[in-house]
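Novice: Okay, here's the structure, questions in a sec.
4 protein chains.
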Amino acid sequence: MQSRTPASRAAGGRPRSAAADAAILAATREALVELGWSKLTLGDVATRAGVAKTTLYRRWAGKNELVVDAVAELFDELRLPDRGSLAADIEGVVLQFAAILARPEAKSGLMAVIAEATRDDALRERIRTSIVDRQKRLVVEGRARAQTRGELPTELDPATGTATVDLIFDVVVGTVVHRTLVSAEPADEAWAQAFTALLLHGLRGSAP
Amino acid sequence: MQSRTPASRAAGGRPRSAAADAAILAATREALVELGWSKLTLGDVATRAGVAKTTLYRRWAGKNELVVDAVAELFDELRLPDRGSLAADIEGVVLQFAAILARPEAKSGLMAVIAEATRDDALRERIRTSIVDRQKRLVVEGRARAQTRGELPTELDPATGTATVDLIFDVVVGTVVHRTLVSAEPADEAWAQAFTALLLHGLRGSAP
Amino acid sequence: MQSRTPASRAAGGRPRSAAADAAILAATREALVELGWSKLTLGDVATRAGVAKTTLYRRWAGKNELVVDAVAELFDELRLPDRGSLAADIEGVVLQFAAILARPEAKSGLMAVIAEATRDDALRERIRTSIVDRQKRLVVEGRARAQTRGELPTELDPATGTATVDLIFDVVVGTVVHRTLVSAEPADEAWAQAFTALLLHGLRGSAP
Amino acid sequence: MQSRTPASRAAGGRPRSAAADAAILAATREALVELGWSKLTLGDVATRAGVAKTTLYRRWAGKNELVVDAVAELFDELRLPDRGSLAADIEGVVLQFAAILARPEAKSGLMAVIAEATRDDALRERIRTSIVDRQKRLVVEGRARAQTRGELPTELDPATGTATVDLIFDVVVGTVVHRTLVSAEPADEAWAQAFTALLLHGLRGSAP
DNA sequence: GCTTAACCGAGACGGTACGTCCCGTCTTGTT
DNA sequence: AACAAGACGGGACGTACCGTCTCGGTTAAGC
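Protein chains in written order, with full-length UniProt numbering: chain A, 1 to 208; chain B, 1 to 208; chain C, 1 to 208; chain D, 1 to 208.
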């Protein structure tokens, strides 16, 4: 998750301050809230964190990398709730996701790094590793639980399975993001219900 | 679409060059392709357009507004093809849309201005007016055509109708954008078919 | 005194507004008082004069030429007073000259155009014609009156005469300017008396 | 002479480059020779000095302050020659001073900053400190030497003494400047002799 | 408990782009 | 033909950050 080489602690010398990392990431989120991506400066983050600019550059390559790390942590709090039915479970995750996206430190930073990633493969890979793939667990988990409950047929073909996971992920994440950030309409419970209904009927009908 | 007041030709003075507008927007797209959003500078755009920086600032408030206008034009070429069935029509639009998003001048700029819009209401409104609402016509048209064909029930409640249009729009646009820009996987014909199938079953199943 | 060609009124067409000239020069002096040379802009002068920028440029080549003309008029009010003795006459002129130099429209502009003239022969010539030579009359007049009174010997050699006029002029003008603008001390009556005494003794002693 | 506080090396951080100062002042004089005051730009000076524009602005508040410092150094080479008599000594200094004023880097800049100083008290003070007062030593020295030689009476009243020093200084500097820059006539040996004669007779005659 | 190498803060450095101001010129339509 | 209005290409301004580079001064591991 960090850009520093993990095995760089070979030789002696003063070790890096662990507190600095946390302070910097927290300062980054704070600055994202107050200033937004475009007006956030690394000098300002360093000052907020009570750290020299050099310390910051020693650990991250630039603004993009720093913000990816700062934002990634936000999504780790997503949980797949057990509400008894697939529909209710999906609804729960959708609402949680929408709630995170409503926070300014998330929306300010997330779209910006995605934009930057359109021209920077390393950054896109970092985003995928740090954020996207980490949350795909929710789709996999949800499907497994639904299969246990008998709500979905047991999948056999692993290729088709992967494709379906990816599709569902794109649909859910993409739709919620678009609703929240572009349409700028609230993703409230009523909307989550309508969306979930559409998604579930789609899944059941188009499967085989 | 421009920042100048359309009816501002009240008083005397040399009129603004119409050619400059086109040159600037074209230069902006060219620079987006070559440099991407973050390295695009207004000074460079002005030079490419053979125009003074002041001329550019006289017409647009900043980089965001300029890029919104430059990108908006790209989506005007979207057409609802008549392929005989709703499924095929949707597939066609999805592929067209994905093709535009695959062009660097679109993806470089679009996500960046959306990111900026999270902190700038005027910009979000401009995006909605210039880009989003303009393309909602496709959903409305498509539904009308499907109703004519008898593929979809005739909608009665206008409120529900609007909500459905918005939902479909969020699902289609959001999913394609996420697939293309975040997952960075090709939105090819096979994928478009799978996605369309999911969407249509969802629509039919969740309608009543 | 103007830069327009005097014989340019050959052909027909609308004649130039005479009022504009006066308005522009007055506006220039006003702007000199408020803003000083370096912050004075021709656009601002034009606005103050209620005139278009083009009108201004049609008549003067630039800021330097305009300010020379605007400032030159200030010195025309200098008079050689008849106070009964050469010493008193000189004192009177010195005090008048110091009073004009104390006015912001004079000091702001005069030194600036002199500075510019160090690299612009045409401008220096214009200054000499419009300002300097015009006021040498005072020295010539003063000497003639003193000779009539018998306070100075009748000069014979015209070359020496010219040289002396120039020297006196440099001494008087240079000293008053330096006292007023560089030393920034008041050129009051006491000082004028001391200076005049020095000058007169110098003249009487070094004459033959 | 610099704008930085001399005792500002209290805290840590990289110290300012001493070489940069010299390079900037030299580049300023070079640019004054080539371009003159009004066409001199700080960006160009920075480039010539091989220095970033920010480095320049970190040390000087603007063009005026920079040029004062650059020009001030030129006058430090003035020396009071010992030519055996007061008249010859004055002549020597006058000629040296005229020679410096004839150099384009001096005349281009000096009058311009004096012009600016008419509206800027801080700048005037800086000029007085950096240039004017520093050279008054010549008058004081010259008088002392003349008193030793018995060419001038020993002064008693210190107030009158100061006033006389100031008056002589204004006369000498003002006259030479006016001759050189406004009248634009050469201040050659013949002229210097005539002027010195006038000044000395004036001093001897008006003293008591 | 002494070395010693990497860390840290501070801040100056060369550089790039910003958005603004003014320049002097050039269209406009009007007088 | 001169005029008011104002857009135009151009150039410099002074500022803000960038990412790098010295500084002097900690600080902990390993001798």
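Glycine included, every Cβ here is placed at the ideal spot set by N, Cα and C. Note that the coordinates shown come from a computational prediction; the quantities given were computed from them, not determined experimentally.
#1: Residues of chain C with CB under 7 Å from residue 140 of chain D, in chain order?
#2: Report the residue from B:64, B:31, B:181 and B:201 whose alpha carbon sits nearest the alpha carbon of residue 121 of chain B.
#3: Interface residues of chain B around residue 136 of chain A at Cβ under 9 Å?
#4: Applying a beta-carbon distance threshold of less than 7 Å, which residues of chain B neighbour residue 199 of chain A?
#5: In terms of residues, what are the limits of the alpha helix (DSSP H) holding residue 22 of chain D?
#6: Is the beta carbon of residue 192 of chain A closer than 8 Å to that of residue 95 of chain A?
#7: What residues in the stretch 104-117 of chain B have a beta carbon less than 9 Å from any beta carbon of chain A?
#8: Could you check if residue 36 of chain A is buried or exposed, using at least 16 other CB atoms within 10 Å of its CB as the buried criterion?
#9: Can you give me the C-alpha to C-alpha distance between residue 164 of chain B and residue 89 of chain B, rounded to a whole angstrom?
#10: Can you give me the Cβ contacts of residue 67 of chain C inside the same chain, cut-off strictly under 6 Å, excluding the 5 residues immediately before and after it?
#11: Is the stretch 70-80 of chain D close to the stretch 100-108 of chain D, with three or more CB pairs under 8 Å?
#12: Looking at chain A, which residues of the stretch 171-192 of chain B have a Cβ within less than 8 Å of any of its Cβ atoms?
#13: Assuming contact is defined by CB atoms lying nearer than 8 Å, are residue 174 of chain C and residue 132 of chain D in contact in what I supplied?
#14: Please check if any C-beta of chain C sits within less than 8 Å of the C-beta of residue 29 of chain D.
#15: Between the stretch 55-74 of chain A and chain B, which residues of the former have a C-beta closer than 8 Å to a C-beta of the latter?
#16: Is residue 80 of chain C closer than 8 Å to residue 152 of chain C when the C-beta atoms are compared?
#17: Between residue 85 of chain D and chain C, is the shortest Cβ-Cβ distance under 8 Å, so that the two count as touching?
#18: Using the Cα positions of residue 210 of chain D and residue 43 of chain B, report the straight-line distance between them to the nearest angstrom.
#19: Note down, in chain order, every chain B residue with its Cβ under 9 Å from the Cβ of residue 133 of chain A.
#20: When burial is assigned at 16 or more other CB atoms within 10 Å of the CB, is residue 162 of chain A buried or exposed?
#21: Between the alpha carbons of residue 123 of chain D and residue 49 of chain D, how many angstroms are there, rounded?
#22: Using the beta-carbon of each residue, which ones in chain D are nearer than 7 Å to residue 124 of chain C?
#23: Could you tell me the boundaries of the alpha helix (DSSP H) in which residue 71 of chain A lies?
#24: Output needed for residue 97 of chain A: all residues of its chain with C-beta closer than 7 Å, excluding positions within five of it in sequence on either side, in chain order.
#25: What separation, rounded to the nearest whole angstrom, lies between the Cα atoms of residue 185 of chain B and residue 15 of chain D?
#26: So what's residue 151 of chain B in DSSP terms, helix, strand or just coil?
#27: Could you tell me the alpha carbon to alpha carbon distance between residue 99 of chain D and residue 52 of chain D, rounded to whole angstroms?
#28: Quick check on residue 17 of chain A: buried or exposed, where buried means 16 or more other Cβ atoms within 10 Å of its Cβ?
#29: Could you give the DSSP three-state label for residue 81 of chain B: helix, strand or coil?
#30: In this structure, does DSSP put residue 40 of chain C in helix, strand or coil?
#31: Beta-carbon of residue 2 of chain C versus every beta-carbon of chain D: anything under 8 Å?
#32: Give me the Cα-Cα distance between residue 167 of chain C and residue 70 of chain C, rounded to the nearest whole angstrom.
#33: Around the Cβ of residue 91 of chain A, are there at least 16 other Cβ atoms within 10 angstroms (buried) or fewer (exposed)?
#34: What is the DSSP secondary structure of residue 60 of chain D, counted as helix, strand or coil?
#35: Among B:33, B:24 and B:196, which one has its Cα closest to the Cα of residue 57 of chain B?
Specialist: Based on what the coordinates show:
#1: Per Cβ cutoff of 7 Å: no residues; residue 140 of chain D is ~16 Å from chain C at best.
#2: For residue 121 of chain B, the nearest C-alpha among the options comes from B:64.
#3: Within 9 Å Cβ-Cβ: nothing; residue 136 of chain A doesn't reach chain B, min ~10 Å.
#4: Those are 202, listed as they occur along chain B.
#5: Run containing residue 22 of chain D: 18-35, per the alpha helix (DSSP H) assignment.
#6: Yes. Within cutoff.
#7: Closer than 9 Å at the C-beta level to chain A, one finds these residues of the stretch 104-117 of chain B: 104, 107, 108, 109, 110, 111, 112, 113, 114, 115, 116 and 117.
#8: With 16 or more Cβ atoms within 10 Å of its Cβ, residue 36 of chain A is classed as buried.
#9: C-alpha separation (whole angstroms): 18 Å.
#10: These residues qualify, in order along the chain: 109 and 113.
#11: The stretch 70-80 of chain D vs the stretch 100-108 of chain D: in contact.
#12: For the stretch 171-192 of chain B, which is checked against every Cβ of chain A, the residues closer than 8 Å are 171, 173, 174, 175, 176, 177, 178, 179, 181, 182, 183, 184, 185 and 191.
#13: No. Outside cutoff.
#14: For residue 29 of chain D, the answer is no, since every Cβ of chain C falls outside 8 Å of its Cβ.
#15: So nothing in the stretch comes that close.
#16: A distance of 8 Å or more separates the beta carbons of residue 152 of chain C and residue 80 of chain C.
#17: Taking 8 Å as the threshold, the shortest C-beta distance from residue 85 of chain D to chain C does not fall below it.
#18: Residue 210 of chain D cannot be examined here, being either before or after the span of chain D that is shown, 1 to 208.
#19: One finds nothing in chain B with a Cβ atom closer than 9 Å to the Cβ of residue 133 of chain A; even the nearest lies about 10 Å away.
#20: With fewer than 16 Cβ atoms within 10 Å of its Cβ, residue 162 of chain A is classed as exposed.
#21: Each residue's Cα considered, the two are about 24 Å apart.
#22: Within chain D, the residues near residue 124 of chain C are 184.
#23: 63-75 is the extent of the alpha helix (DSSP H) around residue 71 of chain A.
#24: Cβ-Cβ distances below 7 Å link residue 97 of chain A to 78 and 176 in the same chain, with the five nearest sequence neighbours on each side left out; the list follows chain order.
#25: Whole-angstrom Cα-Cα distance: 52 Å.
#26: Secondary structure at residue 151 of chain B: coil, using DSSP grouped into helix, strand and coil.
#27: Taking the straight line joining both Cα atoms gives about 34 Å.
#28: It counts as exposed.
#29: In this structure, DSSP gives residue 81 of chain B a state outside helix and strand, which the three-state scheme calls coil.
#30: Three-state DSSP puts residue 40 of chain C in coil, outside helix and strand.
#31: Low confidence applies to residue 2 of chain C: its pLDDT is 47, below 50, so where it sits in the model is not reliable, and the reading given next is rough at best. Taking a beta-carbon distance threshold of 8 Å, residue 2 of chain C does not count as an interface residue toward chain D.
#32: Distance between the alpha carbons of residue 167 of chain C and residue 70 of chain C is about 27 Å.
#33: So residue 91 of chain A counts as buried.
#34: DSSP places residue 60 of chain D in coil when its eight states are reduced to three.
#35: Considering only alpha carbons, the answer is B:24.
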